[in-house]
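Quick note on numbering: the sequence shown equals residues 6 to 743 in the numbering used here. The beta carbon of each residue, even a glycine, is placed where N, CA and C say it ideally should be. Report on one structure; see the data block that follows.
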Amino acid sequence: MKPKDLALPIYSSDNGGTTDRWGKSYCPYCGVGCGLIVGLKGNTVVKVNGDPDHPANFGEICAKAVFLSRTVATSDRLLYPQVRPRRDSPLVRVSWKQALARAATAFREIISRHGPDAVAFYGSGQLTTEEYYIFNKLAKGFLGTNNFDTNSRLCMASAVAGYRSSLGSDGPPPSYADIDLAECFLLIGTNTAECHPIIFRRIERRKRSDPNKVTVIVVDPRRTETADLADLHLPIRPGTDIALINAMLHVIVKEGLADRKFIDGHTHGWEALAAIVDPYTPQYAHEICGISPRLIEQAARSFAASSGSLILWSMGINQSTVGVRKNNALINLALATGQIGRPGAGPFSLTGQPNAMGGREVGGLSHLLPGYRSVTNPQDRAEVAALWGVPAAHLSPKPGYPAIEIFEALADGKVKAVWILCTNPIVSMPEPDMVEKALRQAELVVVQDAYHPTDTTQYADILLPAAQWSEKEGVMTNSERRITYMPKLVDPPGEALPDWEIGARFARELGLSEAFPYRSAAEVFEEFARCTKGRFNDYSGASYARLKEGPLQWPCPGPAHPGTERLYTDGKFQTEDGRARFIPVDHQEPHEKPDDDYPITLTTGRLKNQWHTMTKTGKVESLLKSGREPFVEIHPQDAAKIGVQDGDFVEVTSRRGKAIAQARVTEEIVRGTCFMPFHWGRAAGYYKAANNLTVRARDPVSRQPELKACAVRLTRIEEIVPDPTLPVCDASAAGPRP
Ligand SMILES: Nc1nc2c(c(=O)[nH]1)N[C@H]1C(S)=C(S)[C@@H](COP(=O)(O)OP(=O)(O)OC[C@H]3O[C@@H](n4cnc5c(=O)[nH]c(N)nc54)[C@H](O)[C@@H]3O)O[C@H]1N2
Ligand SMILES: Nc1nc2c(c(=O)[nH]1)N[C@H]1C(S)=C(S)[C@@H](COP(=O)(O)OP(=O)(O)OC[C@H]3O[C@@H](n4cnc5c(=O)[nH]c(N)nc54)[C@H](O)[C@@H]3O)O[C@H]1N2
Ligand code: SF4
Ligand SMILES: [Mo]
């Protein structure tokens with residue numbers, strides 16, 4: 006359907022003007038990956054509607070996307086490259102040539118003095134696939150360092166490692182179409198209603214279509230909007246999911262509910278799994294996770310008996326010191342019951358950012374290479390080196406620093422220069438003191454963002470203006486492996502450039518013109534698609550020409566191939582012998598256990614109408630209306646102990662710092678746990694930042710931090726006294742300081 010033929014839109018964000026044309030696009034917020042139809046007038050985005058033809062959303066969108074038009078042409082857009090002549094001097098405007106020449110000189114000099122591992126890039130799941138590809142190729146293929154990591158490390162790294170160890174490869178097996186076919190939903194560690202709203206509406210519709218047959222199980226320490234749909238809400242103590250899942254498996258074994266035919270035909274390791282879950286009686290698990298044995302039994306029976314059971318999960322699983330094991334445990338559950346590779350079933354990790362999936366495909370983590378390859382595998386390195394036209398020895402076999410380690414290495418002086426693109430780590434990383442120290446300590450900080458100031462752009466020695474959503478061309482992959490093409494609809498403001506072009510120009514400035522000749526995103530895409538030929542995530546049948554006709558799900562191995570809805574339908578997995586592996590895992594407590602000094606567990610997360618560090622949604626009045634300030638959810642019994650009533654201000658203290666927020670005293674959170682949203686950074690008000698409190702402890706395999714559990718103390722405060730010793734900053738994306 007042509008956009009102009011659309012009937013009156015259901016969701017519309019009228020910016021006051023009429024439109025003179027419409028263009029298709031892709032939502033730059035969450036990993037649902039909704040298709041958009043954008044109304045334009047001259048060089049301005051004036052309306053955003055859902056694309057009725059896009060299979061991720063069939064025309065629906067959520068409020069964040071509705072108000073996208075208000076986030077594009079804002080007064081704080083970064084318009085020109087700027088540099089600081091010295092650390093202590095203000096930023097001054099320079100040409101692109103000058104800015105990139107300065108960056109190139111500094112990079113060359115640091116690499117010649119300290120070796121290639123003294124430089125690092127820190128990117129984002131909000132980059133297009135082409136943008137990731139350029140920076141990844143530059144670092145890993147030409148600078149000789151694997152220090153290219155992204156915020157996906159805080160987000161999807163545990164899922165990547167979980168899929169890979171259990172199934173032989175990354176890649177979520179099911180599709181959104183499976184939602185319409187499922188009979189049982191296990192939503193665990195996901196607040197789908199607020200964070201993946203369009204998927205949630207589809208689940209709601211499925212539930213309503215057959216309320217007696219379809220069961221929804223929600224596992225979350227909070228009774229979220231998602232939990233409101235649940236037949237069974239299991240209010241789990243944070244960090245104890247493995248005990249619950251193992252107990253479900255225990256019930257499945259004891260009651261003969263396992264799918265022995267599937268297990269015998271397609272898996273390894275069942276005996277070891279059955280042995281490890283043996284002690285996890287529902288009563289034993291109850292003592293660990295707090296869920297009643299009866300509920301655990303009910304959940305296990307519903308899951309095992311349904312014709313299609315879909316497991317959906319997100320950060321409540323991944324952001325943990327046992328994040329990979331939690332992923333393995335969930336996949337064990339799917340394998341034990343044969344709930345994989347068939348309609349309405351499968352272990353479905355919901356991706357956070359719009360193109361975190363593309364990042365995984367491109368190798369956008371410091372241990373990966375394009376096409377689901379690994380830096381530690383000699384054959385993978387040789388293949389990628391051949392594609393890039395460099396000797397295999399140019400590719401380092403040593404994994405680069407993962408996200409937090411990049412900043413730790415900067416703080417320790419091991420890494421000297423960092424290039425941050427499309428992410429705001431001072432707000433989003435645990436322990437911002439360490440991140441700030443890292444950026445102060447660095448010899449060179451390059452930041453590439455769409456806005457200024459942000460918490461992070463203030464630290465830039467070289468600040469580069471990026472074109473953002475609607476202003477550049479590229480592709481992104483959503484949670485269900487669907488690749489969508491986004492055209493450029495308007496010109497970027499000032500001298501802002503697409504991120505891929507900044508990377509390519511920088512590479513040419515370093516003398517790498519032959520390897521980085523790209524004049525368009527299409528050329529970058531073609532090269533990347535070639536890198537995936539014959540791989541599991543085969544893109545080789547996709548092209549800009551084809552994607553302009555509509556999105557495609559990989560694997561798509563040829564120009565006539567229709568794309569693939571569901572993986573593993575033949576029961577063959579990506580391991581050497583084609584069998585999936587049961588990985589026996591045990592419960593382990595979170596890194597920081599509550600004690601007398603810090604008796605409450607803090608968990609953190611998101612709000613429906615805000616996106617991460619608020620550089621976009623924090624500017625939209627309509628979205629701020631539902632919540633302008635951070636708050637802390639506390640159980641009434643915990644509140645009573647410290648004399649706190651609903652609406653009081655509370656100081657939340659951890660071993661690392663403090664935050665101040667208004668108390669929401671509610672039974673909707675499990676006792677002993679409190680919750681804070683993490684959207685507010687220090688520039689919005691020093692003590693609004695939940696990450697002042699969180700911990701850097703990481704999963705030993707995925708290196709993903711435990712952002713969902715740390716120990717805190719709550720105290721009631723009478724009044725907020727401004728602290729004159731705190732640095733004053735002028736970034737006020739989300740309102741005044743307290
Ligand atoms: N509105 C909005 N939507 C977003 C985003 C946003 O910023 N705003 N960000 C996007 C991104 S990048 C991501 S990664 C996703 C994240 O999407 P979600 O993972 O759904 O969001 P969170 O709020 O981080 O955490 C989900 C839930 O985990 C629960 N939880 C905490 N600890 C545990 C635990 O130990 N076990 C279990 N079972 N549950 C636990 C929390 O109470 C919370 O309700 O959202 C995406 N969508
Ligand atoms: N406590 C706690 N902390 C968390 C989490 C949690 O649950 N709890 N979740 C973690 C997770 S899952 C994630 S994904 C991270 C997200 O954390 P961040 O990635 O830091 O958050 P964003 O606000 O999305 O940052 C994107 C930045 O890119 C800029 N930008 C927007 N568009 C463009 C563009 O096209 N080009 C460029 N160059 N810049 C652009 C924005 O202005 C913004 O500064 O937070 C993590 N931090
Ligand atoms: S559900 Fe996610 S992708 Fe869809 S419109 Fe909302 S934020 Fe965008
Ligand atoms: Mo994320």
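Starting from the C-beta of R486, find all residues in its chain whose C-beta is less than 6 Å away, skip the five residues before and the five after it, and write them out in chain order.
-> Result list for R486: Q558, W559, in chain order.
Rounded distance between the beta-carbons of I115 and A414, thought under 8 Å = Contact doesn't hold; Cβ gap of about 13 Å is too wide.
Please report the residue range of the alpha helix (DSSP H) in which N333 lies.
-> Under the DSSP assignment, N333 falls in the alpha helix (DSSP H) whose first and last residues are 328-341.
DSSP state of S307, grouped into three classes?
-> If DSSP states are grouped into helix, strand and coil, S307 belongs with the helices.
Might you give, ordered along the chain, the residues of its own chain that have their beta carbon closer than 8 Å to the beta carbon of A270, omitting 5 neighbours on each side?
-> Ala is not the amino acid found at residue 270; the sequence shown has Gly there. If the five residues before and after G270 are omitted, its C-beta is found closer than 8 Å to the C-beta atoms of G576, all from its own chain and listed in chain order.
Drop a sphere of 10 angstroms on the beta-carbon of S214, count the other beta-carbons inside from all chains shown, and report buried for 16 or more, exposed for fewer.
-> The residue in question, S214, is exposed, as its Cβ has fewer than 16 Cβ neighbours within 10 Å.
Chain B contact for A235 (CB, 9 Å cutoff) | In the displayed structure, chain B is absent; only one protein chain is listed.
List the whole-angstrom C-beta distance separating E199 from L468, where the pair is believed to meet the contact cut-off of C-beta under 8 Å.
-> So it is not a contact: roughly 33 Å between Cβ atoms.
Collapsed DSSP secondary structure at C160 in the structure displayed | Here C160 sits in coil by DSSP.
The region 613-623 in contact with the region 64-79 per 3-pair CB rule at 8 Å = As far as the Cβ criterion goes, the region 613-623 touches the region 64-79, which means the pair count is three or higher.
Could you check what DSSP says for C35 in three-state terms: helix, strand or coil?
-> Of the three classes helix, strand and coil, the one that applies to C35 here is coil, per DSSP.
In three-state terms, what does DSSP make of R487?
-> Judged by DSSP in its simplified three-state form, R487 adopts strand.
So what does DSSP say about E519, is it helix, strand or coil?
-> The answer is coil: DSSP assigns E519 none of H, G, I, E or B.
Going by C-alpha distance, which of I193, G321, Y523, K331 is nearest R510?
-> Nearest of I193, G321, Y523, K331 to R510, Cα basis: Y523.
Per-residue burial, K9 [other beta carbons within 10 Å of its own, 16 or more giving buried] = Residue confidence for K9 is low, a pLDDT of 36 falling below 50, so the modelled location carries little weight and cannot support an answer.
Nearest to T482 by alpha carbon, out of V53, Y34, D25, R265?
-> Comparing alpha-carbon positions, the option among V53, Y34, D25, R265 lying closest to T482 turns out to be Y34.
From F126 to P226, what distance separates their C-alpha atoms?
-> The straight-line gap from Cα to Cα measures roughly 35 Å.
M6, buried or exposed, once every other Cβ within 10 Å from all chains shown has been counted against 16 | Only weak support is given to the placement of M6: the predicted model assigns it a pLDDT of 33, under 50, and the value that follows is read from those uncertain coordinates. With fewer than 16 other Cβ atoms within 10 Å, it is exposed.
Got a sec: does ligand 4 put a non-hydrogen atom nearer than 8 Å to the Cβ of A361?
-> Yes.
Between V590 and N251, is the Cβ-Cβ spacing less than 9 Å?
-> Taking 9 Å as the Cβ cut-off, V590 and N251 qualify as a contacting pair.
Name, in chain order, the residues that DSSP records as bridge partners for Y456.
-> R82, per the DSSP bridge assignment.
For L515, which residues of its own chain have a beta-carbon under 6 Å away from its beta-carbon, when the five flanking residues on both sides are left out?
-> So the qualifying residues of the chain are A109.
Residues that R378 bridges to, as DSSP identifies them = According to DSSP, which records beta bridges pairwise, R378 is partnered with L374.
Inside the region 466-511 only - beta strand (DSSP E) runs reaching at least 3 residues | With a minimum length of 3 residues, the continuous beta strand (DSSP E) runs that stay inside the region 466-511 are 467-470, 479-482, 487-491.
S314 Cβ short of 8 Å to ligand 4 heavy atom set | Flag unset: Cβ of S314 not near ligand 4.
Alpha carbon to alpha carbon, what distance is there between A162 and P404?
-> Each residue's Cα considered, the two are about 14 Å apart.
What do you reckon, is the C-beta of I425 under 8 Å from a heavy atom of ligand 3?
-> No, ligand 3 has no heavy atom inside 8 Å of this Cβ.
If you draw a straight line from the C-alpha of G368 to the C-alpha of G652, how long is it?
-> Between G368 and G652, the C-alpha separation is close to 46 Å.
Round the Cβ separation of I605 and V717 to the nearest angstrom and send it over; I've been treating them as touching at under 8 Å.
-> The C-beta distance from I605 to V717 rounds to 5 Å, short enough to fall under 8 Å.
Roughly how many angstroms separate the alpha carbons of G244 and H596, rounded to a whole number?
-> The C-alpha of H596 is placed about 9 Å away from the C-alpha of G244.
Per DSSP, what kind of secondary structure is Q558 in: helix, strand or coil?
-> The answer is strand: DSSP assigns Q558 an E or B state.
Does at least one heavy atom of ligand 4 sit under 8 Å from the Cβ of L612?
-> Because no heavy atom of ligand 4 lies under 8 Å away, the Cβ of L612 does not count as near it: no.
Mark G750 as exposed unless 16 or more other C-beta atoms lie within 10 angstroms of its C-beta, in which case mark it buried.
-> Nothing about residue 750 can be reported from this structure: the residues present for the chain run from 6 to 743 only.
Proximity winner among H238, E441, A398, R551, relative to S480 (alpha-carbon distances) = Per the sequence presented here, residue 480 reads as Val, with Ser not at that position. That would be R551, whose Cα lies nearest to the Cα of V480.
Continuous alpha helix (DSSP H) assignments of at least 4 residues falling wholly in the region 93-170 | 101-119, 134-141, all fully within the region 93-170.
D264 versus P240, E135, Q344, residue with shortest Cα-Cα distance | If you compare the alpha carbons of P240, E135, Q344 with that of D264, the shortest gap goes to Q344.
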